[in-house]
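Visitor: Last residue of the sequence shown: number 234 in the working numbering, and the count goes up by one each step with no gaps. Using N, Cα and C, we set each Cβ at its ideal position, and we do this for glycine too.
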Amino acid sequence: MGLFQQIQHNVEVMSLTIPEDKKKIIVKEVAALQEKLVVVEQYKEKVDIIDKFCNDLKAFDGNLKTVDAWMMGATKELEEIKNASDKMAPEDRVARTMDLQEDIAAKVVIIKANIETELALLPQGEKVPQDAQEHKDELNRITKYVTDLQNKLKRSVTTSPRMSSIGLSTKLELRSSLLGLCLQNQASPRVLLSQPALGKHKHFPRRFMDLRNLVLTILKFLMLQMKLLSG
């Protein structure tokens, strides 16, 4: 109920008890007040626009700070995976690398949304106010950092001697392939592996021992995930 509707309701209640001559005076006062409330409504519309802008800018800035705080930890995780990969079990290397890939992908989605918000929210062109330019510069810095981090992870998986030599890139492809097929077909890895068509899938190894090791790695990963969910 708006302000004028509340006033009208109160006047109607008062009219039940006040004399008729007083009612005429109140009706005139209410009519005059209604004219003034038009200005209030117009002012409220402008305030709502400003309030929405402030909330959007706060969310935009909050997203930048969240990603910025995450970046150092993600970089450290990448360095640990690269430098300590020879000390990790194969399933740990796969799990940590996939987790980092998914985490980076989630941050890229946030950044893309922020880029769209920036275009709609902040001034564009050559002469931009200093405070708006600072937000733009921060967005560009974070975008470049996360993009570089994503590319470094891809290069590390395929070219790093400690990671590529142990077949991590192949394991990542295979794990993604098998897990994707499991989800799509709602079947277990064992059931899917028994299907003749699976042998034609380009990501699967030709040798039986490679396939056996792959299945064991993925089953360990799935058991770990189930244990975490049940706990």
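DSSP on proline 126, reduced to helix/strand/coil?
Guide: Three-state result, proline 126: coil.
Visitor: Quick test of the definition: if touching needs 3 or more C-beta pairs under 8 Å, does the region 30 to 46 touch the region 107 to 126?
Guide: Short answer: they don't touch.
Visitor: Within the same chain, show all residues whose beta-carbon is closer than 7 Å to that of glycine 128, passing over the 5 residues directly before and after it, in chain order.
Guide: So no residue of the chain qualifies.
Visitor: Among residues of its own chain, excluding the 5 on either side of threonine 78, which ones have a beta-carbon nearer than 7 Å to its beta-carbon?
Guide: Only Leu152 meet the Cβ criterion.
Visitor: Would you tell me roughly how many angstroms separate the C-alpha atoms of methionine 226 and glutamate 94, rounded to the nearest one?
Guide: Taking the straight line from one Cα to the other gives about 12 Å.
Visitor: Note down, in chain order, each residue of its chain lying with its Cβ closer than 6 Å to the Cβ of lysine 26, except the 5 sequence neighbours on either side.
Guide: Same-chain partners within the cutoff: Ser18.
Visitor: Buried or exposed for leucine 219, please, with buried defined as at least 16 other CB atoms from any protein chain shown within 10 angstroms of its CB.
Guide: By the neighbour-count rule (16 or more Cβ atoms within 10 Å), leucine 219 is not buried but exposed.
Visitor: Assign isoleucine 262 to buried or exposed, taking buried as 16 or more other Cβ atoms, counted over all protein chains shown, within 10 Å of its Cβ.
Guide: Examination of residue 262 is not possible in this model, given that the chain is present from 4 through 234 alone.
Visitor: With DSSP collapsed to three states, give me the class of methionine 17.
Guide: Reduced to three states, the DSSP call for methionine 17 is helix.
Visitor: What did DSSP end up calling alanine 236 once you bin it into helix, strand or coil?
Guide: A query on residue 236 cannot be resolved here, the shown segment of the chain reaching from 4 to 234 and no further.
Visitor: Relative to the C-alpha of isoleucine 145, which residue among Asn66, Glu15 and Ile53 is closest?
Guide: Among Asn66, Glu15 and Ile53, the Cα nearest to that of isoleucine 145 belongs to Asn66.
Visitor: State whether the region 71 to 85 contacts the region 97 to 107, with contact taken as three or more CB pairs (one from each stretch) at a distance under 8 Å.
Guide: Cβ pair count under 8 Å is three or more, so yes.
Visitor: Taking DSSP as the reference, what is the three-state secondary structure of alanine 34?
Guide: Residue state, collapsed to three classes: helix.
Visitor: CB phenylalanine 63 to CB threonine 150, shorter than 8 Å?
Guide: Against a cut-off of 8 Å, the Cβ pair of threonine 150 and phenylalanine 63 comes out as no contact.
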